[in-house]
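Per my numbering, the very first residue in the sequence shown carries number 12; after that it's consecutive.
All C-beta atoms, glycine included, are put in the ideal place defined by N, C-alpha and C.
Keep in mind the model is a prediction, meaning the values are calculated, not measured.
Have a look at the structure below, then the notes.
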Amino acid sequence: MVERVSDEVWDRLVNLVQRMVNDSGEPEGFDAKRWLCTWLQEEVPSLGWRKPVIYLDSTDGEELVITTLMSMQSGAYR
Numbered sequence: 012m013v014e015r016v017s018d019e020v021w022d023r024l025v026n027l028v029q030r031m032v033n034d035s036g037e038p039e040g041f042d043a044k045r046w047l048c049t050w051l052q053e054e055v056p057s058l059g060w061r062k063p064v065i066y067l068d069s070t071d072g073e074e075l076v077i078t079t080l081m082s083m084q085s086g087a088y089r
């Protein structure tokens, strides 16, 4: 289990979330860091009710988290 997300991974994920919100057209007042911090600790149905943070200890796990985030934006949530 990941105790602390590396700064590099954290920055990539925060930037991705912020880009997604910007692309959606409602960025004003949105705090990507706060939202991501909360979401990483929530049980996510598409991840088998597991917390996304547990996947951030490998490149494959990071890709799974990124894919899950992008699926949320596109409406193809799995």
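Same chain, Cβ closer than 7 Å to residue i, five either side skipped, listed in chain order
i: Val32; result: Pro38, Phe41 and Ala43
i: Leu47; result: Leu24, Val25 and Val28
Exposed unless 16 or more other CB atoms sit within 10 angstroms - verdict on residue i
i: Pro56; result: exposed
i: Glu74; result: exposed
Three-state secondary structure assigned by DSSP to residue i
i: Gln15; result: Looking at the sequence shown, residue 15 is not Gln but Arg. Coil, per DSSP.
Same chain, Cβ closer than 8 Å to residue i, five either side skipped, listed in chain order
i: Leu62; result: Here residue 62 is Lys; the residue named in the question, Leu, does not match the sequence. The residues are Leu51, Gln52, Glu53, Glu54 and Val55.
Alpha carbon of residue i to alpha carbon of residue j, nearest angstrom
i: Leu58; j: Leu27; result: 19 Å
i: Val20; j: Tyr66; result: 11 Å
i: Ser35; j: Thr79; result: 17 Å
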